[in-house]
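Asker:
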Amino acid sequence: MKKSLASDNYSGIHPAILEAIAGANHGHVSSYGHDEYTHSAELLFKQHFGDHVEVFFVFLGTAANVLSLASALRPYEAVLCTELAHINTDECGAPEHIGGFKLLTVPTTDGKLNIEKARRYLQNVGFEHNVQPKLVSISQTTELGTVYSVQEIKAIADFAHSNGLYLHVDGARLSNAAAALNLPFREFTTELGVDVISFGGTKNGMMLGEAIIFNNTELAKGFKYLRKQSMQLASKMRFISAQFVAYLTNNHCIATAAHANQMAAYLRDRLAAFPQVTITQPVDANAVFAIFPKAINQALLDESFFYFWDEEKNEARWMTSWDTTKEDIDRFVDVLADALL
Ligand SMILES: Cc1ncc(COP(=O)(O)O)c(C=O)c1O
529 MKKSLASDNY
539 SGIHPAILEA
549 IAGANHGHVS
559 SYGHDEYTHS
569 AELLFKQHFG
579 DHVEVFFVFL
589 GTAANVLSLA
599 SALRPYEAVL
609 CTELAHINTD
619 ECGAPEHIGG
629 FKLLTVPTTD
639 GKLNIEKARR
649 YLQNVGFEHN
659 VQPKLVSISQ
669 TTELGTVYSV
679 QEIKAIADFA
689 HSNGLYLHVD
699 GARLSNAAAA
709 LNLPFREFTT
719 ELGVDVISFG
729 GTKNGMMLGE
739 AIIFNNTELA
749 KGFKYLRKQS
759 MQLASKMRFI
769 SAQFVAYLTN
779 NHCIATAAHA
789 NQMAAYLRDR
799 LAAFPQVTIT
809 QPVDANAVFA
819 IFPKAINQAL
829 LDESFFYFWD
839 EEKNEARWMT
849 SWDTTKEDID
859 RFVDVLADAL
869 L
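Shown next as structure tokens:
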């Protein structure tokens, strides 16, 4: 298959990560995370997020999200999130089915959670006939490729905590956000009081593996049992951990995410020459959303497969990855230019 702009998880494993997997592939080591690689990865997470955090590795992002929420919620408690949140749109009902909790969704036009719109769900707190909001979940970067500023996250954290709610961040693309904000992870997460984070690796060059980071360590109590019971305890944990060691060392994950972000900005800039193409969201990170004439769809899809975000509007989502090159973008834009003639 040709390289594509469909998603950042269409790309392969970064060579440095593959090397780390091969490097861990020697001899016998203890299983289920009782190994040196896991210990080293945990220490790196503490360096990036704070000494006190507790970290647990799982296989995939949906599990990281569902288990983060499950660590915080009783069966009658609910999650406030945007209508576009991955937990609401793309997890096949896993939060509802596996976690058993209700999602209370808030409309959004830029992917971010609007506090005033979320607040209306608080009016029936304490009324026994209504599900009780207990956690706010936001995605950083958002599903529309936008990035919350420090001030925006601080405001949401204050809103959550002043109303007795926890704050979860779906950080499937947290490295892209760190690169975009040019800030250490802790400055826009743990230091603002985010309680629990799903930290992604897969979309930014890992083979598989995500981390759940507890800033609020009360929520980590008993979590090891929840992870095992939820079938997310890897017996050969060292191969997830070794990836995270490489990922978090020498700013590897920031460099790869910054590259992906730059490629999206390059695509946006090149598209500015075409009045028939309208960019519909700020290109804060590694996604470009655009509307263009339907007549060129096939030519573009022949060059690079991608998904339509809104078929009615003919709005596409183009995502760049750690391995997207300027040449890939130039070829795509050349096809677009020819098709528009
Ligand atoms: C915002 C967001 N959260 C979480 C995920 C994790 O998904 P998966 O379960 O496919 O690893 C994704 C992947 O598309 C995502 O885009």
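To convert a position in the sequence shown, counted from 1, into this note's numbering, add 528. Note that beta-carbon positions come from the ideal geometry of N, C-alpha and C, so glycine has one too.
1. Are the CB atoms of T636 and E611 within a distance shorter than 8 Å?
2. Looking at E624 and ligand 1, is the gap between the Cβ and the nearest heavy atom below 7 Å?
3. With distances taken between CB atoms, is the gap from Q668 to G621 smaller than 8 Å?
4. Could you check the C-alpha separation between C609 and R845 for me, to the nearest Å?
5. From V773 to A569, what distance separates their C-alpha atoms?
6. Taking 6 Å as the limit between beta carbons, can you name the residues of its chain near I541, skipping five residues before and five after?
7. Can you give the Cα-Cα distance for I681 and H554, rounded to whole angstroms?
8. CA-CA distance, V586 and G721?
9. Given this structure, state the Cα-to-Cα distance separating S726 from A598, to the nearest angstrom.
10. To the nearest angstrom, how far is it from the Cα of M791 to the Cα of F820?
11. State yes or no: is the C-beta of V724 within less than 8 Å of the C-beta of A600?
12. What span of residues does the beta strand (DSSP E) with V861 cover, start to end?
13. Using a Cβ-Cβ cut-off of 8 Å (strictly less than) and excluding sequence neighbours within five positions of W837, which residues of its own chain qualify?
14. Just to confirm, is the Cβ distance from I643 to A683 under 8 Å?
15. Please state whether the Cβ-Cβ distance between D812 and G654 is less than 8 Å.
16. Give the secondary structure of H580 by DSSP, where H, G and I count as helix, E and B as strand, and everything else as coil.
17. Helix, strand or coil: which one does DSSP assign to G589?
18. From V478 to N691, what distance separates their C-alpha atoms?
Answerer: The structure says:
1. Here residue 611 refers to the residue found at position 83 when the sequence shown is read from its first residue. Here residue 636 refers to the residue found at position 108 when the sequence shown is read from its first residue. Their beta carbons are under 8 Å apart, which means E611 touches T636 by this criterion.
2. The count along the sequence shown starts at 1 and reaches residue 624 at position 96. Checking every heavy atom of ligand 1 against the Cβ of E624, none is found closer than 7 Å.
3. Reading the sequence shown from its first residue, position 140 is the one you call residue 668. Reading the sequence shown from its first residue, position 93 is the one you call residue 621. No, they are not a contact pair.
4. Reading the sequence shown from its first residue, position 81 is the one you call residue 609. Reading the sequence shown from its first residue, position 317 is the one you call residue 845. Cα to Cα, C609 sits roughly 21 Å from R845.
5. For the purposes of this step, residue 773 is identified with residue 245 of the sequence shown, where counting begins at 1. For the purposes of this step, residue 569 is identified with residue 41 of the sequence shown, where counting begins at 1. Approximately 5 Å, taken between the alpha carbons.
6. Indexing the sequence shown from 1 puts residue 541 at position 13. Correct list, in chain order: M735.
7. Here residue 681 refers to the residue found at position 153 when the sequence shown is read from its first residue. Here residue 554 refers to the residue found at position 26 when the sequence shown is read from its first residue. For I681 and H554, the distance between alpha carbons rounds to 43 Å.
8. As a working mapping, residue 586 is identified with position 58 in the sequence shown. As a working mapping, residue 721 is identified with position 193 in the sequence shown. Rounded to whole angstroms, V586 to G721 spans 23 Å at the Cα level.
9. In the sequence shown, counting from the first residue as 1, residue 726 sits at position 198. In the sequence shown, counting from the first residue as 1, residue 598 sits at position 70. For S726 and A598, the distance between alpha carbons rounds to 12 Å.
10. Start at 1 with the first residue of the sequence shown, and residue 791 comes out as number 263. Start at 1 with the first residue of the sequence shown, and residue 820 comes out as number 292. So the two alpha carbons sit approximately 20 Å from each other.
11. Position 196 of the sequence shown, counted from the first residue, corresponds to residue 724. Position 72 of the sequence shown, counted from the first residue, corresponds to residue 600. Yes, Cβ-Cβ distance for V724 and A600 is below 8 Å.
12. Walking along the sequence shown from the start, residue 861 turns up at place 333. Element bounds for V861: not the beta strand (DSSP E) but the alpha helix (DSSP H), 854-868.
13. Looking up residue 837 in the sequence shown gives position 309. Taken in chain order, the residues that qualify are F817, E843, A844, R845.
14. The count along the sequence shown starts at 1 and reaches residue 643 at position 115. The count along the sequence shown starts at 1 and reaches residue 683 at position 155. In contact: I643 and A683 (Cβ atoms closer than 8 Å).
15. Reading the sequence shown from its first residue, position 284 is the one you call residue 812. Reading the sequence shown from its first residue, position 126 is the one you call residue 654. No.
16. The residue labelled residue 580 in the question sits at position 52 within the sequence shown. It is coil, neither helix nor strand.
17. Locating residue 589 in the sequence shown gives position 61, counting from the first residue. G589: helix per DSSP, three-state reduction.
18. Nothing can be reported for residue 478, as the shown portion of the chain is limited to 529 through 869.
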